[in-house]
Amino acid sequence: MLLGPSRAELDALARVLALRAVACELAGAREDADALVEAARRYAALSPQERQRAAARLRREADAGEWPAAARETLAAALRTGAGAALAGQLDLLPADLSALLQSGELDPLDVVVVHRRHGAVTAADVAAVVAATAPEAAADGAHQALRRLAAHLPALAPRRRRTPLGRAVSLFERVEVQIAALPGTLAVEALGSLRRVSPTVGDVDVLLVHPDPAGALAAAVSALAPARVHHHGRTRAVLRLEHGELGLRSCRPERAGAVRLWHTGSAAHVEGLRRLAVSQGLSLRPDGLFDGGGRLVAADSEAHIYERLGLPLIAPELRHGEDEIARAAAGRLPSLLDACDIRGDLHTHTLWSDGRDSVDAMVFAARRLGYEYVAITDHSPSAAATRVLTLDRLRQQAADVARLRTAVPGLTILHGVEVDILADGSLDLPDEVMAGLDIVLASLHESFGHSPARLLERYARAMRHPMVAVVTHPANRVPGRDEGYALDFEALFHLAAETGTAVEVDGGPGHLDLDGHLARRAVEAGATLTVDSDAHDAHRLGRQMRLGVGTARRGGVSAAHVLNTRGVEDVRAFVAAKRQRR
Ligand SMILES: [Zn+2]
Ligand SMILES: [Zn+2]
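Residue numbering for the sequence shown follows the numbering used here, starting at 467 and increasing by one per position.
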């Protein structure tokens, strides 16, 4: 290179050093981190001419000990590759969401080093939690000044934090759960954070490992998972990059598990509510337990014990929104929640007859393995945008398939149904007499044709008034994290559902999770009946997607009594028949 680096490039090297300091700090290389922090500060104070001279010496490799080794290597590499590539390279070494926050240049990486050293914060969520939990008026030492600066910028940056769709987070968790559970002495492997709260999108995939030897077990887990990169590995906390995504691990002894679970399940607002309640009772709630005024441990081994000492019943993770759940719990007004074992059948599944990936046989056997009493096979109608659909002819062939299986698989009722598209004018995509020959008809909108919310509601209303339609599936038609779905008048929709005897669905497909918990709650309050379904397109997701549907419904405080498929198949048939008799 004949021309030296530009002034902007030379300026950017201060940031390269600072980002390198973060990576070293998180990786536990404290001496290097300290050297890099000093070097970053020193470099930042250089004049443009001094930066030019330093760069020239480094490029001639004439820098005889002027910079500490870690800084010299970082600077020399950055001068070779260019500052842009060096910045990107350093950001890539960091946990993804922290990297996304630091990318903007608005946060000082050196503040992140300080907050890690003082508070152990590794990811952006950790930093945000520390900022939220630390009173700004506390002593003005370096850590607090750093926190104050971070707090000033974090709210504006929060929307840039990457979130993982729930389905992907569950897959990642299930993969590592098996590997970690197989390690000797492991007492429990559990999801924490928004994953445990069944949030439709997940911030960090954070997993708790309970073991009598937390540090040893964590080390064994890190090596068993063979990560592509170890961002951080401390005594009880590791952040890893795996082939399928980023994973946070925490480990603790069994007697600490209740407190660690509670603290790291969140939500932050819920934990803050509990912390304030503890203070009002002369106690103090911390990440390692509940303590009395003398600093003695009061309760830590189970979440229930901690809630109990605070005078509360256990609040289910799905309800820990940080809204009014603590007050409701204190008043004895928590709902009795739907449980996965209340579900007696699945009313919404797909097979190879439309866009599913498994045969009717495979879906039926999977339903039997889950202990269901019934399963409805509900493929897509002719006009659906699916890869394959049911023509009238194929619907008849499918009926023969179902009839054959009814004989082959006694003890499980197979309902032959359909997921019929609601057409542009609100009519249905199959003739009435065809639908009348089926056990159950679900109706859905899969697109909006650019229709206004009022027009969409009209289409739903016409479909709901149709005697054949027993259930309206994924009513908001949303995609979590990507598309908020229809801006419908849901109040009107739910009242119509109640009035016409049509059920509305909580769809457990991770691409739907629709209705969400809050809408499901409003549907119930409007007097509508819910179904909770998997909408599974393959057999191995039948159970998982039902669990996600149940978790989503629980987020809205839904009880078994609100859900049609917690009842026996005769009740389901009666529900369908009652709707068909309304003419
Ligand atoms: Zn659908
Ligand atoms: Zn479907």
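All C-beta atoms, glycine included, are put in the ideal place defined by N, C-alpha and C.
Counting along the chain, His1006 sits inside no beta strand (DSSP E), nor does DSSP assign it H or E at all. Per DSSP, the beta-bridge partners of Asp672 are Gly714. A distance of 8 Å or more separates the beta carbons of Leu878 and Ala936. Taking each of His882, Glu572, Ile772 and Ser825 in turn and checking the Cα distance to Ala622, the smallest one comes out for Glu572. Annotated three-state conformation of Gly494 is coil, per DSSP. Pairwise C-beta distances place the segment 531 to 548 out of contact with the segment 574 to 586, as fewer than three of them are shorter than 8 Å.
Annotation for Glu924 indicates a beta carbon at 7 Å or more from all heavy atoms of ligand 1. Look at Asp1001: its beta carbon is less than 7 Å from one of the heavy atoms in ligand 2. Assignment of Pro976 by DSSP, reduced to helix, strand and coil, places it in the coil class. In this structure Val830 touches Val875 by the C-beta definition: roughly 6 Å separates them, less than 8 Å. Taking C-alpha positions only, Thr540 is separated from Arg627 by approximately 27 Å. A residue is called buried once 16 or more other Cβ atoms fall within 10 Å of its Cβ, and Ala544 is buried on that count.
The nearest non-hydrogen atom of ligand 1 is 7 Å or more from the C-beta of Glu971. Of the other Cβ atoms in all chains shown, 16 or more fall within 10 Å of the Cβ of Asp592; this residue is therefore buried. By the Cβ criterion, the segment 819 to 828 is in contact with the segment 863 to 875, since at least three pairs of Cβ atoms, one from each stretch, lie closer than 8 Å. Relative to Leu708, the option among Glu532, Pro720 and Leu691 whose CA is nearest is Leu691.
Here Phe831 carries a helix assignment [DSSP, helix/strand/coil]. Exposure of Pro678 is indicated by the presence of fewer than 16 other C-beta atoms within 10 angstroms of its C-beta. No heavy atom of ligand 2 is found nearer than 7 Å to the CB of Thr1018.
For Ala1026, there is no enclosing beta strand (DSSP E), as DSSP gives it neither H nor E. Distance check between Arg988 and each of Gly822, Ser849, Asp955 and Ala795 places Asp955 closest, using alpha-carbon atoms only. Contact between Glu784 and Gly1017 holds, with the beta-carbon distance rounding to 6 Å and staying under 8 Å.
Note that the segment 1001 to 1011 does not touch the segment 1033 to 1040; fewer than 3 beta-carbon pairs, one per stretch, sit closer than 8 Å. Distances from the CB of His787 to the heavy atoms of ligand 2 are all 7 Å or more.
Distances from the alpha-carbon of Asp500 to those of Gln515, Thr1032, Tyr838 and Leu483 put Leu483 closest.
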